[in-house]
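Structure first, then comments.
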Amino acid sequence: MCPDRALSVMVDPSAAGTPYTTADQPGNTKFPAGPNGDHMCDVPFTLERSMYDAINKIVPDAAFTIFTGDIVDHAIWNTSQTYNTNLSTFQHAYDTMNSTLKLVYGTAGNHEAHPVNAFVPNAIGHDSQWIYDLLSSDWAHWIGQGSTSTVEKIGAYSTKYPNGNLRIISLNTNLYYRHNFWMYQAYDDKDPNGQIAWLINELNAAEKANERVYIMGHMPLGEADALRDGSNYLDQVFRRYQNTIAAMFFGHTHVDHFEVSYSDYTKRSASNAFMTSYIAPSLTPTSGMPSFRVYTVDPDTFAVLDHTTYMADMTNPSFQTTPVWTKFYSAKESYGPLVSPPLTDPRAELTPAFWHNVTVAFENDDSQFNAYIARKSRGWQAAACTGECKTNEICQLRAGRSQDNCWKPKPGINLTKRSGIHAERGEHDECGVPITLKTLTTVGTDEAALAELKRVMGDVVAEAKAKGIKGAEAA
1 MCPDRALSVM
11 VDPSAAGTPY
21 TTADQPGNTK
31 FPAGPNGDHM
41 CDVPFTLERS
51 MYDAINKIVP
61 DAAFTIFTGD
71 IVDHAIWNTS
81 QTYNTNLSTF
91 QHAYDTMNST
101 LKLVYGTAGN
111 HEAHPVNAFV
121 PNAIGHDSQW
131 IYDLLSSDWA
141 HWIGQGSTST
151 VEKIGAYSTK
161 YPNGNLRIIS
171 LNTNLYYRHN
181 FWMYQAYDDK
191 DPNGQIAWLI
201 NELNAAEKAN
211 ERVYIMGHMP
221 LGEADALRDG
231 SNYLDQVFRR
241 YQNTIAAMFF
251 GHTHVDHFEV
261 SYSDYTKRSA
271 SNAFMTSYIA
281 PSLTPTSGMP
291 SFRVYTVDPD
301 TFAVLDHTTY
311 MADMTNPSFQ
321 TTPVWTKFYS
331 AKESYGPLVS
341 PPLTDPRAEL
351 TPAFWHNVTV
361 AFENDDSQFN
371 AYIARKSRGW
381 QAAACTGECK
391 TNEICQLRAG
401 RSQDNCWKPK
411 PGINLTKRSG
421 IHAERGEHDE
431 CGVPITLKTL
441 TTVGTDEAAL
451 AELKRVMGDV
461 VAEAKAKGIK
471 GAEAA
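Each residue of the sequence shown is one higher than the one before, starting from 1 at the first, in UniProt numbering.
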């Protein structure tokens, strides 16, 4: 189960970018959210707790939970180390998981940092140590004391599932994140924090021990958000250990999709598809109905046999009093009949070749592709996607490596959430994307804007150096 989510007090989005005042107190908002939230808000505790109760009711025998990160809310202008750490956010979330779920394997989301996205490479400094220490403390009783030392060093870990021949490796994908601006200062560091070398050692040991491995992280490595060098290096590692890695699991995007990795991206086909990244939808309802996912796996090989998404329909009249969590769809039931021969055997694995063939079905059948698009947001305001949109969407599904996802920056001004105009439905609406990615896209394709950005950044660097801030350098 991968409920990527953020926990927050409800906010009026028209106030984005400004500190909270008494005018933001309950009772003063023009369009207040209900007790269990709104599509314009982060997640209230009531909805979070409702999901945990639903998990325990629907799958009481679940082996473990995968949590793909992002606890701190999206009011990024209001964060601080104290705020991110205290009992109303980070600590509260993990305490609640600990009291309601059996065994949880977590990973670090980009919102855990302050400032948001800012995970400092060890080669530059240790300003992120507080995050790693906090994660190590909260994860220790799940992953074991022997795995916490790696968390404290790089924010990643490797641990053995106690009830089977399975190893869980959680990566700190923030070290490859486009909006972690520290990575541009460490641009010549091919392996930030030595994480890739560490990963190779862990996979090599797992291979020798005949263990199966689940790779998990926050950001999918085929997304435009992933820096290309890091994504490329990791893709080579995954290809080398494809017979050891059973599956990979990510969050970050808030929508329901997947990515297929290939041994030859110039000729993407079922025959050279070697890995599947499962990207689960979120509890946070800003991109769709709140949801979680249940994976059915082979008890011996740990291959994924099916996954089922459950959601709480926010249009249901009972949602604000008692959310009703129901089955939305099963991957095998929905996509198994689309391939030839149909894959319907409950014991059959959902292989990378299967998922490639699903994308072929999407290419050939607009109705099936549109059904997939609707599932991304759990049926909420599914936007039309035809022509170039469809081509790019399928290309993204066939991109386990970020340089192959067909994303191209587009010139022009795109006003988004902070101006009160919201991003297009179905786009990734979290982790700073509407604010930074589109802004930098505009700047990066406008020479005058680029020159102005360079001037402003020069002023910022000069001011930082004058104040003695460590790491401040002229670009």
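Built from N, CA and C at the ideal position, the CB exists for glycine as well.
Mapping DSSP to helix, strand and coil, what is S149? Translated into the one-based positions of the sequence shown, residue 149 becomes position 149. Three-state result, S149: helix.
Can you grab the Cα-Cα spacing for the pair A33 / S277, in whole Å? Counted from its first residue, the sequence shown places residue 33 at position 33. Counted from its first residue, the sequence shown places residue 277 at position 277. Straight-line Cα distance between these residues: approximately 34 Å.
V360 Cβ short of 8 Å to the ligand SAM heavy atom set: The ligand content of the structure shown is nil, which means the ligand SAM is not present either.
Residues in its own chain within less than 8 Å of H141 by CB, not counting five upstream and five downstream? Taking the first residue of the sequence shown as 1, we reach residue 141 at position 141. Same-chain partners within the cutoff: N98.
I394 to A374, Cα distance in whole Å? On the sequence shown, position 394 is the one that residue 394 refers to. On the sequence shown, position 374 is the one that residue 374 refers to. About 14 Å.
Extent of the continuous alpha helix (DSSP H) to which L227 belongs: For the purposes of this step, residue 227 is taken as the residue at position 227 of the sequence shown. Unbroken run through L227: none, as it is neither H nor E.
For R212 and T301, believed in contact at Cβ under 8 Å, the rounded distance: In the sequence shown, counting from the first residue as 1, residue 301 sits at position 301. In the sequence shown, counting from the first residue as 1, residue 212 sits at position 212. Indeed they touch by this definition, with Cβ atoms about 6 Å apart.
So is T46 in contact with chain C if we call contact Cβ pairs under 9 Å? No chain C is part of this structure, which consists of one protein chain only.
Can we say the segment 338-347 touches the segment 252-266, given the rule of at least three CB pairs closer than 8 Å? no
Keeping to the same chain, check which residues put their C-beta closer than 8 Å to that of S231; ignore five residues upstream and five downstream. Counting from one through the sequence shown, the residue named residue 231 turns up at place 231. Y176, L221, G222, R401, S402 and Q403, listed in sequence order.
Quick check: the Cα distance between D264 and C385, rounded to an integer number of angstroms? Within the sequence shown, the letter at position 264 stands for residue 264. Within the sequence shown, the letter at position 385 stands for residue 385. Between the C-alpha atoms of D264 and C385 there is a straight-line separation of about 27 Å.
Return the chain-ordered list of same chain residues with a C-beta closer than 7 Å to the C-beta of E202, the five sequence neighbours on each side being excluded. Start at 1 with the first residue of the sequence shown, and residue 202 comes out as number 202. These residues qualify, in order along the chain: S158 and I169.
Given a cut-off of 9 Å on the beta-carbon distance, is the pair C41 and T286 in contact? Working through the sequence shown from its first residue, we reach residue 41 at position 41. Working through the sequence shown from its first residue, we reach residue 286 at position 286. Cβ atoms of C41 and T286: closer than 9 Å.
May I ask you to verify whether the segment 321-337 touches the segment 47-56, counting CB pairs closer than 8 Å and requiring at least 3? yes
Scan the segment 159-185 and note each continuous alpha helix (DSSP H) run of 4 residues or more that stays entirely inside, going in chain order. 182-185
What span of residues does the alpha helix (DSSP H) with residue 479 cover, start to end? A query on residue 479 cannot be resolved here, the shown segment of the chain reaching from 1 to 475 and no further.
Close beta carbons around M216, own chain, < 6 Å, minus the five adjacent residues each side: Taking the sequence shown and counting its residues from 1, the one referred to as residue 216 is at position 216. Cβ neighbours of M216 beyond the five flanking positions: I66, T107, S170 and F249.
Between the Cα of E349 and the Cα atoms of R293, D306, M314 and N370, which residue gives the shortest distance? If you number the sequence shown from 1, residue 349 lands on position 349. Among R293, D306, M314 and N370, the Cα nearest to that of E349 belongs to D306.
I'd like the list of long-range same chain contacts for F90, defined as Cβ closer than 6 Å, with 5 residues on each side in sequence excluded. Counting from one through the sequence shown, the residue named residue 90 turns up at place 90. Cβ within range, chain order: I71 and N84.
One question on the structure: do T315 and S291 come within less than 9 Å of each other, judged by their Cβ atoms? Position 315 of the sequence shown holds residue 315. Position 291 of the sequence shown holds residue 291. Going by C-beta atoms, T315 is not nearer than 9 Å to S291.
Starting from the Cα of P115, find the closest Cα among E152, P281 and H179 and give me that residue. Taking the first residue of the sequence shown as position 1, residue 115 is located at position 115. Ranking E152, P281 and H179 by Cα distance to P115 puts H179 first.
According to the neighbour-count rule (16 or more other Cβ atoms, all chains shown, within 10 Å of its Cβ), is H126 buried or exposed? In the sequence shown, the residue the question calls residue 126 occupies position 126. Burial call: exposed.
So W380 and F258 are supposed to be a Cβ contact under 8 Å. How far apart are they, rounded? The residue you call residue 380 lines up with position 380 of the sequence shown. The residue you call residue 258 lines up with position 258 of the sequence shown. The Cβ separation is near 19 Å, so there is no contact.
Rounding to the nearest angstrom, what Cα-Cα distance links G336 and C406 in this structure? Position 336 of the sequence shown, counted from the first residue, corresponds to residue 336. Position 406 of the sequence shown, counted from the first residue, corresponds to residue 406. The straight-line gap from Cα to Cα measures roughly 27 Å.
Count the other C-beta atoms from every protein chain shown that fall within 10 angstroms of the C-beta of K376, then say buried if there are 16 or more, exposed otherwise. Translated into the one-based positions of the sequence shown, residue 376 becomes position 376. In the assembly as shown, K376 is a buried residue. Its beta-carbon has 16 or more other beta-carbons within 10 Å.
Local conformation of R455 per DSSP, three classes: Looking up residue 455 in the sequence shown gives position 455. Reduced to three states, the DSSP call for R455 is helix.
Does the Cβ-Cβ distance between residue 524 and A63 come in under 9 Å? This structure does not reach residue 524, given that the chain is present from 1 up to 475, and the question cannot be answered.
Sequence-distant residues of its chain with Cβ nearer than 6 Å to H422 (five each side left out): Reading the sequence shown from its first residue, position 422 is the one you call residue 422. Residue placement at H422 is flagged as unreliable, the pLDDT there being 33, under the threshold of 50; the coordinate-derived value follows with that caveat. Closer than 6 Å at the Cβ level, and outside the excluded window around H422, lies no residue.
When we look at the beta-carbon of G387 and count the other beta-carbons within 10 Å, is it buried (16 or more) or exposed? The residue given as residue 387 occupies position 387 in the sequence shown. When all chains shown are included, G387 counts as exposed.
Just verifying my parser: in three-state terms, what is the DSSP assignment at T68? For the purposes of this step, residue 68 is identified with residue 68 of the sequence shown, where counting begins at 1. Note: T68 maps to coil in three-state DSSP.
Taking 8 Å as the limit between beta carbons, can you name the residues of its chain near A186, skipping five residues before and five after? Against the sequence shown, residue 186 aligns to sequence position 186. Answer for A186: P121, A123, I124 and P192, listed in chain order.
Nearest-angstrom beta carbon gap, K190 and Y132 [assumed within contact, 8 Å]: Numbered from 1 along the sequence shown, position 132 holds the residue referred to as residue 132. Numbered from 1 along the sequence shown, position 190 holds the residue referred to as residue 190. With a contact defined as Cβ atoms closer than 8 Å, Y132 and K190 miss out at about 21 Å.
Would DSSP call residue 516 helix, strand or coil? With the chain covering only 1 through 475, there is no way to say anything about residue 516.
On the DSSP bridge assignment, give the partners of K327 in chain order. Taking the sequence shown and counting its residues from 1, one reaches residue 327 at position 327. Answer is Y310, bridged to K327.
From D225, S80 and D38, residue whose alpha carbon lies closest to that of Q396: Position 396 of the sequence shown, counting from 1, holds the residue named residue 396. Of D225, S80 and D38, the residue nearest in Cα terms is D225.
So, is N117 buried or exposed, given that buried needs 16 or more other C-beta atoms within 10 angstroms? Counting from one through the sequence shown, the residue named residue 117 turns up at place 117. Result: buried.
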